[in-house]
Amino acid sequence: NAGVTQTPKFQVLKTGQSMTLQCAQDMNHEYMSWYRQDPGMGLRLIHYSVGAGITDQGEVPNGYNVSRSTTEDFPLRLLSAAPSQTSVYFCASRVGPGANTQYFGPGTRLTVL
Amino acid sequence: DAKTTQPTSMDCAEGRAANLPCNHSTISGNEYVYWYRQIHSQGPQYIIHGLKNNETNEMASLIITEDRKSSTLILPHATLRDTAVYYCIVRSITDSWGKFQFGAGTQVVVTP
Numbered sequence: 011n012a013g014v015t016q017t018p019k020f021q022v023l024k025t026g027q028s029m030t031l032q033c034a035q036d037m038n039h040e041y042m043s044w045y046r047q048d049p050g051m052g053l054r055l056i057h058y059s060v061g062a063g064i065t066d067q068g069e070v071p072n073g074y075n076v077s078r079s080t081t082e083d084f085p086l087r088l089l090s091a092a093p094s095q096t097s098v099y100f101c102a103s104r105v106g107p108g109a110n111t112q113y114f115g116p117g118t119r120l121t122v123l
Numbered sequence: 174d175a176k177t178t179q180p181t182s183m184d185c186a187e188g189r190a191a192n193l194p195c196n197h198s199t200i201s202g203n204e205y206v207y208w209y210r211q212i213h214s215q216g217p218q219y220i221i222h223g224l225k226n227n228e229t230n231e232m233a234s235l236i237i238t239e240d241r242k243s244s245t246l247i248l249p250h251a252t253l254r255d256t257a258v259y260y261c262i263v264r265s266i267t268d269s270w271g272k273f274q275f276g277a278g279t280q281v282v283v284t285p
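Below you can see the structure in the form of structure tokens.
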């Protein structure tokens with residue numbers, strides 16, 4: 011199993027550009043989520059999904075869109091990048107509800123100029 | 174409102190046990206205590222979780238006080254590779270996904 015994979019590892023954007031961060035998992039997990047981590051801070055939840063076709067907002071959803079057309083993939087779209095979106099983005103997945111382990115991807119480091 | 178309180182940082186000597194405290198005085202009966210860690214520039218890694226009994230796995234032990242208002246993560250023989258930020262998280266298994274919240278954590282530095 012590759013686990014949770016994310017692409018790209020690094021990305022630089024100009025203000026106003028759009029892009030999609032990719033996330034995929036091969037563990038057949040129902041639940042997937044996106045977090046952002048700013049320097050010196052913990053992770054903040056952006057969006058999450060509890061299954062294909064079902065998504066919902068987390069703590070900091072503004073400026074981001076998600077969709078979940080398959081169990082494996084959960085892309086995060088930045089509609090019009092802003093410097094405030096400079097951060098490290100982590101994708102995570104877990105089997106489903108209840109007390110179980112959440113697996114994280116290696117992260118995407120995004121800089122918006 | 175923060176559900177957990179952890180020290181900002183702590184040092185530990187290589188080979189010694191590292192005891193990481195966490196206060197969760199408002200924990201409710203259906204909330205678990207989770208521990209994750211994040212090594213620099215990597216994604217967070219699950220360590221252990223528990224409800225009220227002490228737990229042990231190949232990575233660590235989790236000691237939860239009888240009143241459940243605090244817990245301690247124990248790394249029995251710290252190595253340099255255990256240098257990381259350690260997160261204590263309280264979460265109900267009946268909560269929606271959005272309640273899995275990470276705070277600032279404890280920066281642990283293991284020194285030779």
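So the sequences go chain by chain: A and B.
Counting along the first sequence from 1, when you hit position 87 you're at 97 in this note's numbering, and nothing is skipped either side.
Counting along the second sequence from 1, when you hit position 89 you're at 262 in this note's numbering, and nothing is skipped either side.
The C-beta atom is built at its ideal place from N, Cα and C for all residues, glycine as well.
Note that the structure is predicted; figures quoted are calculated from it, not measured.
Answer with yes or no whether the minimum CB distance from Asn111 (chain A) to chain B is below 8 angstroms.
As a first step, residue 111 (chain A) must be located in the first sequence, where it is residue number 101. This sequence places Thr at residue 111 (chain A); Asn is not what is there. Yes, Thr111 (chain A) lies at the interface with chain B (some Cβ there is under 8 angstroms from its Cβ).
Restricting to Cα atoms, I'd like to know which of B:Gly216, B:Asn203, B:Ile221 and B:Pro285 is closest to Thr245 (chain B).
Start at 1 with the first residue of the second sequence, and residue 245 (chain B) comes out as number 72. Selected option, being the one with the closest Cα: B:Ile221.
I want to see whether chain A comes within less than 8 angstroms of Tyr260 (chain B), judged by CB atoms only; does it?
Taking the second sequence and counting its residues from 1, the one referred to as residue 260 (chain B) is at position 87. So, interface residue.
Residue from B:Ala251, B:Ser234, B:Ala257 and B:Ser182 with nearest C-alpha to Ala162 (chain B):
Residue numbering for chain B in the displayed model covers 174 to 285; residue 162 (chain B) lies beyond these limits and cannot be assessed.
Rounded straight-line distance, which links the Cα of Tyr259 (chain B) to that of Arg189 (chain B):
As a working mapping, residue 189 (chain B) is identified with position 16 in the second sequence. As a working mapping, residue 259 (chain B) is identified with position 86 in the second sequence. Each residue's alpha carbon lies about 17 angstroms from the other.
Thr96 (chain A) to Ser198 (chain B) span [Cα, whole Å]
Translated into the one-based positions of the first sequence, residue 96 (chain A) becomes position 86. Translated into the one-based positions of the second sequence, residue 198 (chain B) becomes position 25. Whole-angstrom Cα-Cα distance: 34 angstroms.
Report yes or no: do three or more beta-carbon pairs, one from the stretch 52-60 of chain A and one from the stretch 18-34 of chain A, lie closer than 8 angstroms?
Taking one beta carbon from each stretch, the stretch 52-60 of chain A and the stretch 18-34 of chain A have fewer than 3 pairs nearer than 8 angstroms; the two do not touch.
Pro116 (chain A) - DSSP class collapsed to helix/strand/coil
Start at 1 with the first residue of the first sequence, and residue 116 (chain A) comes out as number 106. Three-state DSSP puts Pro116 (chain A) in coil, outside helix and strand.
DSSP three-state assignment for Asp48 (chain A), whether helix, strand or coil:
Working through the first sequence from its first residue, we reach residue 48 (chain A) at position 38. Three-state result, Asp48 (chain A): coil.
Which residue wins for smallest C-alpha separation from Ala102 (chain A), given the options A:Met37, A:Lys24 and A:Leu88?
Stepping through the first sequence from its first residue, residue 102 (chain A) is reached at position 92. That would be A:Met37, whose Cα lies nearest to the Cα of Ala102 (chain A).
Chain B contact for Leu123 (chain A) (CB, 8 angstroms cutoff)
Working through the first sequence from its first residue, we reach residue 123 (chain A) at position 113. Closer than 8 angstroms: no.
For Gln211 (chain B) and Asp184 (chain B), what's the separation of their Cα atoms in angstroms?
Residue 211 (chain B) sits at position 38 when you count from the first residue of the second sequence. Residue 184 (chain B) sits at position 11 when you count from the first residue of the second sequence. If you take the alpha carbons of Gln211 (chain B) and Asp184 (chain B), they lie about 16 angstroms apart.
Please determine, among A:Phe114, A:Tyr58 and A:Ile64, the residue with the shortest C-alpha to C-alpha distance to Val70 (chain A).
Taking the first residue of the first sequence as position 1, residue 70 (chain A) is located at position 60. Ranking A:Phe114, A:Tyr58 and A:Ile64 by Cα distance to Val70 (chain A) puts A:Tyr58 first.
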